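Numbering (my numbering), first residue to last: 30 to 240. C-beta: ideal position from N, C-alpha, C; glycine also. Keep in mind that this is a model prediction, so the values were computed, not measured. Working notes, structure below.
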Amino acid sequence: MGARVLKIAVFASGRGSNYEAIQKQIDTGQINGQTVCVISDRAKPTVFEKAAARNIPTHSINRKQFKTGDDYVEHLLKILAGYETDLIVLAGYLKLIPAPVVKAYYHRMINIHPALLPNFGGKGYYGMNVHRAVVEAGVNATGITIHFVDEHYDNGNVILQKEVKVEPDDTPEMVSEKVLKLEHKYYPEVVKLLCDNKIKIKNNKVVVENE
Ligand code: GRF
């Protein structure tokens with residue numbers, strides 16, 4: 030009997046190139062998972078078109094649509110539970126996930142950050158801001174960090190980091206391009222490992238089992 034297929038909810042705010050990279054491997058069966066829905070804080074992000082093209086349900090959920098924070102959290106949790114979500118994948122999601130949702134999916138929610146955390150992370154460090162800061166700082170390397178999500182921005186147990194060189198003449202756009210290549214290669218890989226139950230938490234540390 031094959032292993033159970035993990036049900037994945039993706040949260041994204043923008044173009045969704047990471048979502049696309051992951052979804053492609055789900056479509057071909059390389060990742061033993063199923064995207065149950067794509068959730069965004071925006072009304073019509075580009076990522077919704079990518080999901081809709083595959084008949085994957087999309088939900089636009091924003092704190093502003095609700096009277097209270099509790100109503101917002103309750104709605105989010107209801108949607109996620111309705112799909113029997115096993116894993117939440119944040120792929121360019123710009124809002125902080127409310128603490129009760131983090132708690133409900135503790136060590137079952139991952140994020141990708143386009144720099145080597147703890148450097149160039151935290152509030153305000155998103156998109157091109159990150160790569161501009163990297164170039165301005167004159168560092169000779171940057172990269173990606175894939176980590177479990179806790180209640181702070183860009184915090185939580187690190188699953189994987191990969192480095193790429195920054196050349197003296199690199200522009201933020203050039204850095205972004207290099208980093209994005211790493212993202213598209215390694216984010217699907219980590220999702221695959223999670224779906225294969227190869228990433229464990231032992232003594233609050235991430236252990237990746239490679240055969
Ligand atoms: C990526 O750079 C990711 O690291 C960050 O947001 C960006 C999203 O890009 N969290 P995309 O929407 O996946 O193309």
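Worksheet item: According to DSSP, which residues form a beta bridge with Cys66?
Response: Ala38
Worksheet entry | Residues that DSSP places opposite Phe177 in a beta bridge | Ile139
Fill in: In chain order, each alpha helix (DSSP H) run of at least 4 residues that lies wholly inside the region 78-166
98-111, 128-133, 157-166
Worksheet item: What are the boundary residues of the beta strand (DSSP E) that Lys194 is part of?
Response: 187-194
Worksheet entry | Beta-bridge partners of Gly172, as assigned by DSSP | Glu192
Discussion item. Among the candidates Phe149, Gly98, Pro74, whose CA atom is the shortest distance from the CA of Thr87?
Written reply: Pro74
Discussion item. Using only the alpha-carbon positions, how far apart do Val65 and Ile37 sit?
Written reply: 6 Å
Worksheet item: Can you tell me whether DSSP reads Lys73 as helix, strand or coil?
Response: coil
Worksheet item: Between the beta-carbon of Tyr155 and the beta-carbon of Leu123, is there less than 8 Å?
Response: yes
Discussion item. Helix, strand or coil, according to DSSP, for Lys207 in the structure here?
Written reply: helix
Worksheet item: Within 10 angstroms of its Cβ, does Asp183 collect 16 or more other Cβ (buried), or is it exposed?
Response: buried
Worksheet item: For ligand 1, is there a heavy atom less than 7 Å away from the beta-carbon of Leu189?
Response: no
Worksheet item: Where does Lys227 fall in DSSP's three states?
Response: coil
Discussion item. Determine whether the beta carbon atoms of Val39 and Val118 lie at a separation below 8 Å.
Written reply: yes
Discussion item. For a test of your reading of the model: does the CB of His142 fall under 7 Å from any non-hydrogen atom of ligand 1? Yes or no.
Written reply: yes
Worksheet item: In whole angstroms, what separates the C-alpha of Gln52 from that of Thr97?
Response: 33 Å
Item to complete: On the DSSP bridge assignment, give the partners of Lys214 in chain order.
Response: DSSP, once it has assigned bridges, lists no residue as partnering Lys214.
Worksheet item: Is the beta carbon of Glu180 less than 8 Å from the beta carbon of Ala144?
Response: no
Fill in: Near ligand 1: Tyr48 beta-carbon under 7 Å from a heavy atom
yes
Worksheet item: Going by the beta-carbon positions, is the gap between Ala32 and Asn169 smaller than 8 Å?
Response: no
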